[in-house]
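Chains as they are written, first to last, in the working numbering: chain A, 6 to 54; chain B, 7 to 723.
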């Protein structure tokens, strides 16, 4: 059962990484305009032409 | 100059400005606005948020360019208003973000706790061993305790607020159960006991937070109403001083007796009277009527309306706080506060549920101590399990899950629910009040008798009309199919359009015919040497208006028409649609008073309206609906917004609300039935963590499953 000593911290670290990533996304306003982003992707970028 | 107050200087010496854009109808408007701004080399960032309608512009160069950007957006037909982002970030918005953060933490914690709970449940002492079990309990404690402390904050806060006011709400039993269960599990862990309830605690918080967050999000959208309306009051106006100099001052500095110069296309900054000039005023903001009204010397003007035709000079009679627009805002705010006092069915139930559950837990403790002769720790453990098992998980989900499913279903048929308790309130209505223009009608004049006009006249009229923005001109163009003649057209303010030998406009201007007193929208086409031709228009009723009103009446709902329009037009519409009662020529204040009077007599009122003049009545009604064609502000004031050219959504929403309420009541019954089974087990001390988890999940699933029946509901006809 000593494997638990490694597995428990690994499992928790992975979960925490997900949580931190979510908070990062929230702070960076990734969820502020969900409708806009969905349509933005369909648009051609004119100035690149 | 206008936007100087709102411009901030960025670190790299560029300037930034935040603008609220009103009048966007589709996602491609974002592309149009951003595209137009980005064509300008000075602009480095132009990003428009479709959800909040807020645009951020960053540019290199002079501060004064800010005005150019706003003028550019206005010229495209949108209304741009600079605003201060610091005041826009409201406390409610912060609360919503905090709930989302709590939800994320609870999700993370409950997922990881399950990792340890499953082995604990599925093995007995012999298999796992005391040491491993205690280790697992400790790891669970390390995850669950911080999570319970943090994620419980929204519940603790609300419970504390209720208790301090000597009241109780659903959050009181939740908070007590969470705190007790956590402490008891910690006690079990320290004493190397067999049972810990950490997973139940966090799972409970996770389920409840989902409901809480969805509710907050719906409410947040409704809240910005008054805020956006206030933005209408920001801006600047040109003042003519007594010594003949002119000066631009903020609207807030306008005082009574000042003389203002209002250019064509400018917003009128205060209530007043016309001193010089004549023009057309777009009063849609105040009255909700589509037709611009002509004003000349001595006519009254209202703040927030727009001068669309020619420059005028006006004297201010009421400034700032006393203007009609401010009055509407005040009315709306006070009505919204009154609305917040609505007691939801969940709160009503928690009123007796909380004392009952806590009394039961106390009785369990006392019973085991006195008759069971157990140690106080064991008695306390049983009392705490009673609290955990009765923890209103199914009860807490009973309402939100139905609301979320119902709003999803309604959204697919183009109906947007903006307030959490909207369905609950809609199901109780006894009266339905309708506005006329834009609500029962489409709000756009349409050409009548299309086939009867001579082809030559029709083509000529359409060619003239094509060069005007007047609603009647646009109605002619919309009805005409075919090639247009190239004409040089001159627009005569308040009269009509003119080209060589041809006039299209008002009867008194285009022809010599006497006014026959008929109340109908018309245009006359006069060609030199020929008899004038008449074009008539009407604001068409929504196709199914009569049918829907008949259906509502059949369901026992009294229908009323309250309009700001003239008495005779209101009467005609009421007769055509079969409405029970009607009243015309009402001011926004009178409309609100009518609704308040109805409510005072015990009626539950549904208000359907679209103009800004309806906004206070919408806010003061029990429940309100507004078509998506309404002004943004009115939509914000309404609880429900519907799309399309039909009135069917009113019936659909009402039928869905009725069915949802049935489901909510069934859900409460299910949750109580679950308690009836689970409580005796808990009182008898027979509940283990596994039973608690199964009971909690299964009752929640049952409630969710019952709510799913909403999807099978048929469309109301």
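Beta carbons: idealized from backbone N, C-alpha and C, even for Gly.
Going along chain A in order, which residues have a C-beta closer than 9 Å to the C-beta of residue i?
i	result
residue 172/B	Within 9 Å Cβ-Cβ: nothing; residue 172/B doesn't reach chain A, min ~37 Å.
Would you tell me roughly how many angstroms separate the C-alpha atoms of residue i and residue j, rounded to the nearest one?
i	j	result
residue 478/B	residue 492/B	20 Å
residue 127/B	residue 557/B	56 Å
residue 5/B	residue 427/B	Since the first and last residues shown for chain B are 7 and 723, residue 5/B lies out of range.
residue 279/B	residue 640/B	27 Å
residue 159/B	residue 121/B	25 Å
residue 631/B	residue 214/B	29 Å
residue 358/B	residue 175/B	9 Å
residue 620/B	residue 561/B	25 Å
residue 228/B	residue 633/B	Its pLDDT being 46, under 50, residue 228/B is placed unreliably by the model, and the measurement read from it follows with that caveat. So the alpha carbons of these two residues sit roughly 15 Å apart.
residue 232/B	residue 103/B	For residue 232/B, the predicted structure reports a pLDDT of 45, less than 50, and the residue's modelled location is therefore unreliable. The matter cannot be settled from this model.
residue 13/A	residue 136/B	18 Å
residue 24/A	residue 200/B	30 Å
residue 315/B	residue 443/B	23 Å
residue 439/B	residue 601/B	8 Å
residue 1/B	residue 68/B	Residue 1/B lies beyond the stretch modelled for chain B, which goes from 7 to 723, so this question has no answer here.
residue 480/B	residue 552/B	27 Å
residue 6/B	residue 57/B	The requested residue 6/B does not occur in the structure, where chain B is confined to residues 7 to 723.
residue 627/B	residue 306/B	29 Å
residue 534/B	residue 543/B	24 Å
residue 10/A	residue 145/B	11 Å
residue 573/B	residue 247/B	42 Å
residue 130/B	residue 648/B	57 Å
residue 192/B	residue 680/B	27 Å
residue 154/B	residue 30/A	23 Å
residue 497/B	residue 475/B	10 Å
residue 367/B	residue 194/B	19 Å
Do residue i and residue j have their CB atoms nearer than 8 Å?
i	j	result
residue 508/B	residue 453/B	no
residue 412/B	residue 189/B	no
residue 60/B	residue 51/B	no
residue 612/B	residue 586/B	no
residue 351/B	residue 408/B	no
residue 276/B	residue 317/B	no
residue 115/B	residue 400/B	no
residue 203/B	residue 105/B	no
residue 108/B	residue 162/B	no
residue 308/B	residue 274/B	yes
residue 377/B	residue 388/B	no
residue 595/B	residue 656/B	no
residue 37/B	residue 48/A	yes
residue 206/B	residue 675/B	no
residue 362/B	residue 666/B	no
residue 529/B	residue 511/B	yes
Kindly list, in the order they appear in chain A, the residues whose Cβ is closer than 8 Å to that of residue i.
i	result
residue 586/B	Per Cβ cutoff of 8 Å: no residues; residue 586/B is ~40 Å from chain A at best.
residue 56/B	38, 40, 41 and 44
Assuming residue i contacts residue j under a Cβ cut-off of 8 Å, what Cβ separation, rounded to an integer in Å, is found between them?
i	j	result
residue 178/B	residue 168/B	6 Å
residue 384/B	residue 685/B	About 18 Å separates the two Cβ atoms, so there is no contact after all.
residue 84/B	residue 49/B	Between residue 49/B and residue 84/B the Cβ distance is about 17 Å, and since that is not below 8 Å, they are no contact.
residue 732/B	residue 252/B	Chain B is shown only over 7 to 723; residue 732/B falls outside these bounds and no answer can be derived.
residue 422/B	residue 646/B	7 Å
residue 76/B	residue 88/B	7 Å
residue 429/B	residue 222/B	About 17 Å separates the two Cβ atoms, so there is no contact after all.
residue 319/B	residue 283/B	6 Å
residue 450/B	residue 545/B	7 Å
residue 487/B	residue 473/B	Their Cβ separation, rounded to whole angstroms, is 18 Å, which puts residue 487/B and residue 473/B out of contact at 8 Å.
residue 467/B	residue 482/B	6 Å
Which residues in chain A have a C-beta closer than 7 Å to the C-beta of residue i? List them in chain order.
i	result
residue 121/B	16
For a contact defined as C-beta to C-beta under 7 Å, what are the partners of residue i on chain B?
i	result
residue 13/A	145
Can residue i be considered in contact with the ligand SAH, in the sense that its beta carbon sits closer than 7 Å to one or more heavy atoms?
i	result
residue 181/B	Of ligands this structure carries none, so the ligand SAH is not represented either.
Original post:
Taking Cβ-Cβ distances below 7 Å as the criterion, which residues of the region 25 to 46 of chain B are in contact with chain A?
Top reply: 33, 36, 37, 41 and 44
**OP:** Select from the region 129 to 160 of chain B all residues with a C-beta closer than 8 Å to any C-beta belonging to chain A, and list them in chain order.
**Re:** 138, 141, 145 and 149
**OP:** Select from the region 101 to 117 of chain B all residues with a C-beta closer than 8 Å to any C-beta belonging to chain A, and list them in chain order.
**Re:** 103, 106, 107, 110, 111, 114 and 117
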